[in-house]
Amino acid sequence: MKLIEMLKEITQVPGISGYEERVREKIIEWIKDYADYKVDEIGNLIVELGEGEVKAVFMAHMDEIGLLITGITQDGKLRFRKVGGIDDRLLYGRHVDVITENGKLDGVIGALPPHLNVKGVKDVVPWYQLTIDIGAESKEEALSLGVKPLDYAVFKKHFSVLNNKIVSTRSLDDRFGVVALVQAIRNLVDHELSGKFIFAFTVQEEIGLKGAKFLAEKYSPEYAFAIDSFACCSELTGDVRLGGGAVIRAVDNSAIYSRDLARKVWEIAEKNNIPIQIGVTGGGTDASVFQHKSKVLALSVPMKYLHSEVEMLNVKDLEALIALIEAITFEI
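Numbering (UniProt numbering), first residue to last: 1 to 332.
1) Span of the alpha helix (DSSP H) holding G177?
2) From this set, S194, G93, I248, which residue's C-alpha is nearest D133's C-alpha?
3) Sorted by chain position, which residues of the same chain lie with C-beta nearer than 8 angstroms to L143's C-beta, five sequence neighbours on each side aside?
4) In this structure, how does DSSP classify A269 when only helix, strand and coil are distinguished?
5) Enumerated in chain order, which unbroken segments of the beta strand (DSSP E) with a length of 3 residues or greater are wholly contained in the stretch 72-150?
6) Can you round the beta-carbon distance between L258 and L297 to whole angstroms, since I take them to be within the 8 angstroms contact cut?
7) I'd like the list of long-range same chain contacts for W30, defined as Cβ closer than 6 angstroms, with 5 residues on each side in sequence excluded.
8) Just verifying my parser: in three-state terms, what is the DSSP assignment at residue 367?
9) Three-state secondary structure (DSSP) at I276?
10) Starting from the Cα of V13, find the closest Cα among I46, A269, S171 and give me that residue.
11) Pick from K218, K157, K77: whose alpha carbon is nearest that of M312?
12) Taking a contact to mean a Cβ-Cβ separation below 9 angstroms, would you say G279 touches V247 in this structure?
13) Any contact of the stretch 225-234 with the stretch 270-289, i.e. 3+ C-beta pairs under 8 angstroms?
14) Starting from Y19, follow its DSSP beta bridges and name the residues at the other end.
15) Identify, in the order they occur along the chain, each residue of the same chain with its Cβ nearer than 6 angstroms to the Cβ of H95, setting aside the five sequence neighbours on each side.
16) Roughly how many angstroms separate the alpha carbons of V118 and L236, rounded to a whole number?
17) Just verifying my parser: in three-state terms, what is the DSSP assignment at S308?
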């Protein structure tokens with residue numbers, strides 16, 4: 001399966017923090033014929049390759065940002081709270097998929113038309129003043145459609161391929177990381193490795209790196225790598241750009257990553273003619289929770305418009321990242 005096809009397939013699967021089971025099932029479908037796997041107590045999906053001491057852990061998180069349904073109004077609207085970092089500006093007037101135990105419902109977050117905005121208000125409407133409209137006229141009708149509190153919603157996902165090289169859709173963060181690890185597992189499973197390598201698809205990253213913290217209680221690797229997005233491109237992120245190759249995410253809000261490991265990975269990339277960039281961004285990654293016991297680093301692709309409906313990456317950068325992960329397992 002081509003990378004673009006894999007990205008389209010995995011980004012369409014809904015799974016906010018704490019509700020990753022559908023994403024996990026898709027990954028298992030992809031890897032079950034290639035490698036053994038296990039699911040730990042918190043829901044991380046783990047593949048172990050090689051034998052002996054744990055040399056490195058590679059982590060990509062399965063969860064995405066979204067909306068948790070908290071209640072139903074008497075006129076049939078759904079109240080919600082945000083899960084993960086969502087800008088309130090992105091909620092107003094949006095289509096969503098409401099995910100229930102029995103399926104999926106179309107929903108919209110309504111917007112006041114300018115015709116009725118008699119006060120001329122232009123301020124951003126905060127999330128707690130918004131509701132999801134599923135076409136129900138009463139609480140009873142909404143319940144009859146199968147929705148209930150603690151179901152969830154995600155932005156309706158439109159998948160675009162721009163100029164035959166750029167992919168844009170919601171939840172590329174961090175489903176591109178999932179694709180990268182799946183491809184690396186497939187390519188490495190029949191090779192002799194110099195130790196044990198853990199490939200972990202983690203849960204609840206968007207609400208505090210919960211899955212990675214659980215892993216850090218069980219494993220003490222020499223190296224811990226997060227495969228996660230690099231928010232770009234602005235004056236804060238320097239020269240990192242789409243199409244420039246994989247990215248060493250050297251500093252973010254959660255960690256100043258191991259400088260000697262960053263140098264080593266840069267050398268591995270150059271030795272193998274893998275396009276590589278290095279930069280600084282915001283946010284945090286799963287690798288940071290291993291910092292008290294391991295050398296840590298975040299590996300990425302540049303991504304525009306992070307945490308929006310139009311997240312954007314260059315497929316060539318993803319190809320470079322996959323090659324880099326594989327090279328690291330052989331040379332680190």
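We put the beta carbon where it would ideally sit given N, CA and C, even for glycine.
Concretely, from the data shown:
1) 172-188
2) G93
3) I72
4) helix
5) 78-83, 94-100, 103-109
6) Strictly speaking, residue 258 in this sequence is Ser, with Leu absent from that position. The Cβ separation is near 6 angstroms, so the contact holds.
7) V182
8) Nothing about residue 367 can be reported from this structure: the residues present for the chain run from 1 to 332 only.
9) strand
10) S171
11) K157
12) yes
13) yes
14) According to DSSP, which records beta bridges pairwise, Y19 is partnered with nothing at all.
15) V108, K156
16) 40 angstroms
17) coil
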